[in-house]
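Report on the structure given below.
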Amino acid sequence: MIDLIVCLLLLLGISACVAEVYFVAAYARSGFGEYPPFFPSFGRMKKMCLNEAREILRRADKPSVVADLGCGSGSLLIPLAKEFPQHEFVGYDWDVVPYAIAALRARHLPNVRLYCADFTKADFKEADLVLIFGGKKLFAEWGGQFVRGLKNGAAVISEAFPITQLEAEKEIAAPSYGMPLKVYTYRIDKKTLAK
Ligand SMILES: C[S@@+](CC[C@H](N)C(=O)[O-])C[C@H]1O[C@@H](n2cnc3c(N)ncnc32)[C@H](O)[C@@H]1O
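All the letters of the sequence shown, read from the start, carry residue numbers 952 to 1146 under my numbering.
Here it is, written out as structure tokens:
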């Protein structure tokens, strides 16, 4: 019995060390917080993103393409893909751990495609709706290229960070666990972008 308890404690200790190493490596990869590291969408912010995406997808009069940039473990992508089998969902995450979790969760969903890749190197000109968890630095450096690459009329839902190159349609207060977070929604209008 004592042997079993010691083995379990050892296993627990090793798992905690592996998790610690993973989170430090993920944080380093994110430029020490400059770019979004992995953590699942949470609280009211997650709820608001899902509500906004549902409203757009329910109104769509044809099958739509939804791109989730930094899909993490799929907290937004998976429930939406289950709820809207008529739409196609594409997720990108460059971190193999959340990517593997999302891939496992999506294994029976034929309307989901996942890529373990850098989304700043991909193109989203086919996307009708984009979900993104960016960051100040990411939007400052890549936001212009990102919005220019989207098609006219595409909708964008941004968690926590505004996309400074666009004017928000809605700014929704989404306080979560004491943090004054917001969700921002946008609609691409090529005429306004050209000015
Ligand atoms: C805050 S998490 C998003 C969480 C996700 N909505 C979920 O619920 O799991 C941000 C994710 O973006 C990913 N990420 C950040 N920059 C990226 C990039 N350039 N290409 C691909 N993934 C990126 C990170 O690995 C991280 O998993």
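Glycine included, each C-beta is placed from N, C-alpha and C at the ideal position.
- The alpha-carbon of L1065 is positioned some 16 Å away from that of P1036.
- When DSSP states are grouped into helix, strand and coil, M952 belongs to the coil group.
- Listed in chain order, the beta strand (DSSP E) runs fully inside the stretch 1052 to 1092 are 1063 to 1066 and 1080 to 1083, counting runs of at least 3 residues.
- Within the same chain, and ignoring the five residues on either side of E1122 in sequence, the residues whose Cβ sits closer than 7 Å to its Cβ are K1133 and Y1135.
- Around S1026, the same chain offers P991, S992 and K997 as residues with beta carbons nearer than 7 Å, after the five sequence neighbours per side are excluded.
- One thing to note: R1138 has its Cβ within 8 Å of the Cβ of A1106.
- Contact between K1102 and K1076 holds, with the beta-carbon distance rounding to 6 Å and staying under 8 Å.
- Within 7 Å of the C-beta of D1069 there is at least one heavy atom belonging to ligand 1.
- Between S1127 and G994, the C-beta spacing is below 8 Å.
- Residue pairing from DSSP places Y1135 in a beta bridge opposite S1109 and E1122.
- Of the heavy atoms belonging to ligand 1, none sits nearer than 7 Å to the Cβ of L1065.
- DSSP lists A1018 and R1064 as the beta-bridge partner residues of V1041.
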